[in-house]
Amino acid sequence: MIRTVLSALFAFALVACFVMSPSTANACVEGLAWGMPQSEINDHLHGAIRQEDLNHQRLIARNIHLDQLPVSQLTLDMNEQGGLESLAYEFSMDDMTEVLAGLSARHGKPISTSIKEDHYEDQLWVWNTGEDLITAVKRTSGNVQKFLIAYRPSRLNPETL
Numbered sequence: 009m010i011r012t013v014l015s016a017l018f019a020f021a022l023v024a025c026f027v028m029s030p031s032t033a034n035a036c037v038e039g040l041a042w043g044m045p046q047s048e049i050n051d052h053l054h055g056a057i058r059q060e061d062l063n064h065q066r067l068i069a070r071n072i073h074l075d076q077l078p079v080s081q082l083t084l085d086m087n088e089q090g091g092l093e094s095l096a097y098e099f100s101m102d103d104m105t106e107v108l109a110g111l112s113a114r115h116g117k118p119i120s121t122s123i124k125e126d127h128y129e130d131q132l133w134v135w136n137t138g139e140d141l142i143t144a145v146k147r148t149s150g151n152v153q154k155f156l157i158a159y160r161p162s163r164l165n166p167e168t169l
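9 is the number of the first residue of the sequence shown in the working numbering; add one for each residue after it.
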């Protein structure tokens, strides 16, 4: 009886350690986490980030790779405390199918919609993973097409609905 109670207390303490210990949430790619400071992000990206304008909360990295796919531009938005708040990858249109297929394989079928305005047309795909809100956008404006995926922390856990 005492052994059973001690085992239950040990199991409860172990679970409490996992639940209560702070952890960082991965931000879309391994090695980045929401709230991560600029210096750690720069180390992770091998010194590729630059501050390109007067906005101290927006950082840019150009000509990097996500796994083996080239990324023409990575935009990182930092919060007022200097931690990672959101990010967006801009890919070549040639890589759109592979990126969408990878996101669908990892996170399931997205919600999708289209928006058509006078000067542009957007196709959007959205996933809420519980930790991240991921939005993929294909924009067509005249003869110019762009494709990007944006990540930010999710404010709504789908399981609560």
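We put the beta carbon where it would ideally sit given N, CA and C, even for glycine. What you are looking at is a predicted structure, and each value in this text was computed from that prediction instead of being measured.
Note on geometry: alpha-carbon atoms of G90 and D102 lie some 34 Å from one another.
Beta-bridge partners of T148 (DSSP): E129 and Q153. Contact between the segment 76–83 and the segment 94–113 is present, with at least three C-beta pairs closer than 8 Å. For the segment 69–120, the continuous beta strand (DSSP E) assignments of 3+ residues that do not extend past its boundaries occur at 77–86 and 92–99, in sequence order. In this chain, the alpha helix (DSSP H) harbouring H52 covers Q46 to H52. Sixteen is the threshold: since fewer than 16 other Cβ atoms of the shown chains lie within 10 Å of the Cβ of A113, the residue is exposed.
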